[in-house]
Amino acid sequence: MSLSREIYNELAAIVGSAHISDKPHILAGNRAKTPDYPMEYKSAEAIVRPGSVEELQAIVKLCNKYGIIFAPMVSGVMPTAFASRPNTIIIQLSRMNRIVEINEEDRYVVIEPGVRHVQLYPELRKRGFSYTAASVGPGGSVLANFTSTSGDHHTQHGNSRANRYLLGVEMILPDGEIIRTGSLQTGSGWFCPDGPGPGLRGIVKGYNGNHAQFGIITRIAIAIDPCKGPAEPEMSGISPHHTVRMNTPCSKVIIYKFKDIDHLRDAMIKTGEAEIGSTVIKYFYLPATLMMTDSANDFWKMWTDEHKAELTMPLIVHLATRSEEEMKYEETILHDIAAELGGVRIKREYEEWWENHMDFFMIVSRLQSVLRLGGGWAPIKLASDSVAHICEVGKNINNFIHDFTDTGKIFDAPEDYQIIPMEYGHFAHIELLIMWDRTDPNVMKGVGEFRAASRQTDIDNHFHAEMPVFLSPGSMQIGPLYSNFHIWLKQLKEAFDPNNVANPMM
Ligand SMILES: Cc1cc2nc3c(=O)[nH]c(=O)nc-3n(C[C@H](O)[C@H](O)[C@H](O)COP(=O)(O)OP(=O)(O)OC[C@H]3O[C@@H](n4cnc5c(N)ncnc54)[C@H](O)[C@@H]3O)c2cc1C
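First residue of the sequence shown: 281, per our numbering; consecutive thereafter.
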């Protein structure tokens, strides 16, 4: 079904004819860009680009009036930002890209949805502040990351993930009503996410974000942190052949490898207890190798047994301190922990790679090289629990992954999971990254079987390894592991969105 001319004209009257299109080539360029994902490959009926909250509200009301589904989008990195069924319009929010306020005294910023990491991060960094920038890359929407998608990142050992930093929120509910949460609703400013009255943080974001199933968020405040290290890192070369260094004795990367995940887990917990390290992470060796090489040929040259052994069980630690004395203190503790647990320092050239690519710890422009092999890929599991529980989940991967890596159904990298502790080890996040040959027409069957085996293992072992996110078939399956989360979410969705127009995925 395509939109009637009357409805199209009504939308055009809201945003202006320059900011709406239903031209076939525009719609074709805005289909989900991940055809290897098991979702249908649909075009939206039109794309609209509102420039203000008022225009956005009018669009949402119109969608309710005519039963049109809407999916908001900024960069469109997630498949959920696209049309997944007929009768859908995409609301492209890139015109709403103002940094509304930077409050250095109370340490928060207020932003609109179209503000990207590349826009906000340098503004804050040069003022001596930082925030929990996700590893998605510079083009991702900061707001989408803090409110609507996951929000994990590499440096959360020394701070936390995005949902912990969300303050006041302004949001358009699926029926068009505008709400303001926390201190904002009483006119007291943006500083507090809750009260008076019941908190709405679970509706806005929960743990992993609702991907617009509860409406469109128009402005948020996020808390910012003072950053350690120089305001401007040293950059040379041209991307992707560039280096970004912190030229200061107060920044150092130290990597120890451990015999197994049990020893690595204990080291992780001890760094948290001692409250040292800005980043502490067991990083996955497949993306690490992709980042360290410039072509597929270079990748295969580097992907040797010796290299894999070096990076199979590494604890990557970035020490960032305020003084050289503090650096000496943190280093001493780290070396003591490693000595106690049999850690072996890996080759210095690997540590140097990280020190030459400090953007890995900041806005992660390097990470995009991970997609270079050109195959299919997916991050799975993605949940958080205690460090010990999450390491148990990691250890268990070995019990079922070999049926798939040994038979070529997925890339042969059985240890390819990362674990990132948060808040000095109070909990930890896991991500298992799988890759496959998407030119093989039979490959998706094997990938599907692997995903099913992974989920079934979690259900059988009562692992909190995969976080239920928005309403989706996956959440229905694992909801019982999370206090029947799926049933509550479904009831809330019916109450908030009776016309089922806000990005329904079920
Ligand atoms: C290589 C790679 C690495 C990644 N790494 C990370 C990571 O480390 N951590 C992490 O958290 N995520 C990561 N992601 C996931 C994701 O890309 C990010 O979460 C990011 O925020 C998406 O930004 P975007 O502008 O592309 O959002 P989009 O794809 O445009 O939107 C994402 C979702 O949010 C919804 N949405 C967008 N704007 C709004 C709004 N204003 N109100 C309500 N809903 C809205 C969309 O409908 C969609 O469902 C990664 C993705 C890739 C491809």
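Ideal Cβ positions, reconstructed from N, Cα and C, are used throughout, including at glycine.
- Methionine 526 carries a coil assignment under DSSP once its states are collapsed to helix, strand and coil.
- DSSP links lysine 675 through a beta bridge to no other residue.
- Within 7 Å of the C-beta of aspartate 432 there is at least one heavy atom belonging to ligand 1.
- The segment 575-592 and the segment 740-749 do not touch, with fewer than three beta-carbon pairs separated by less than 8 Å.
- Under the DSSP definition of a beta bridge, histidine 598 partners with Val533, Thr559.
- With a cutoff of 8 Å on beta-carbon distance, proline 330 and isoleucine 369 are scored as not near each other.
- Using a Cβ distance threshold of 8 Å, valine 389 and leucine 373 do not count as a contacting pair.
- Following the DSSP letters along the chain, one finds lysine 661 inside the beta strand (DSSP E) bounded by residues 656-665.
- Judged by beta-carbon spacing, lysine 532 lies within the 8 Å limit of methionine 607, meaning their Cβ atoms are closer than that value.
- Residue burial is scored here from C-beta neighbours: arginine 441 has at least 16 other C-beta atoms within 10 angstroms and is therefore classed as buried.
- Counting of Cβ neighbours within 10 angstroms places histidine 706 among the exposed residues, the total staying below 16.
- By the beta-carbon neighbour count (other beta carbons within 10 angstroms, threshold 16), glycine 552 is buried.
- In the three-state reduction of the DSSP assignment, phenylalanine 409 falls in the strand class, which pools E and B.
- The nearest non-hydrogen atom of ligand 1 is less than 7 Å from the C-beta of isoleucine 496.
- Not one heavy atom of ligand 1 lies closer than 7 Å to the C-beta of asparagine 310.
- Counting other Cβ atoms within 10 Å of its Cβ, glutamate 555 stays below 16 and is therefore classed as exposed.
- Proximity to lysine 773 across Gly726, Gly462, Gly309, Gln493 peaks at Gln493, based on C-alpha coordinates.
- The criterion of a C-beta distance shorter than 8 Å is not satisfied by cysteine 530 and arginine 405.
- Inter-residue distance for isoleucine 710 and glycine 417 is about 19 Å (C-alpha atoms, whole angstroms).
- Under the 10 Å beta carbon count, isoleucine 767 is surrounded by fewer than 16 other beta carbons and is classified as exposed.
- Within the same chain, Cβ atoms closer than 7 Å to the Cβ of glycine 674 are found at Ile541, Tyr697, Ile699, Ile710, the five residues on either side in sequence being excluded.
- For glutamate 335, the number of other beta carbons within 10 angstroms of its own is at least 16, and it is reported as buried.
- In the three-state reduction of the DSSP assignment, glycine 482 falls in the helix class, which pools H, G and I.
- Three or more Cβ pairs drawn from the segment 535-550 and the segment 622-642 lie within less than 8 Å of each other, which places the two stretches in contact.
- According to DSSP, residue pairing for tyrosine 697 in a beta bridge involves Leu712.
- Inside the segment 723-749, DSSP marks whole alpha helix (DSSP H) runs of 4 or more residues at positions 723-741, from first to last along the chain.
- Taking a contact as a CB-CB distance under 8 Å, the pair proline 694 and threonine 685 counts as one, their CB atoms being some 5 Å apart.
- A Cβ-Cβ contact shorter than 8 Å links proline 784 with isoleucine 349.
- Closer than 7 Å to some heavy atom of ligand 1: that describes the Cβ of proline 393.
- In terms of side-chain proximity, the C-beta atom of asparagine 439 is found no nearer than 7 Å to any non-hydrogen atom of ligand 1.
- As the crow flies, the alpha-carbon of asparagine 636 is around 39 Å from that of alanine 732.
- Taken through DSSP and simplified to helix, strand or coil, alanine 442 comes out as helix.
- Residue pairing of glutamate 514 in beta bridges, as defined by DSSP: Arg525.
- DSSP places alanine 351 in the uninterrupted beta strand (DSSP E) bounded by 349-353.
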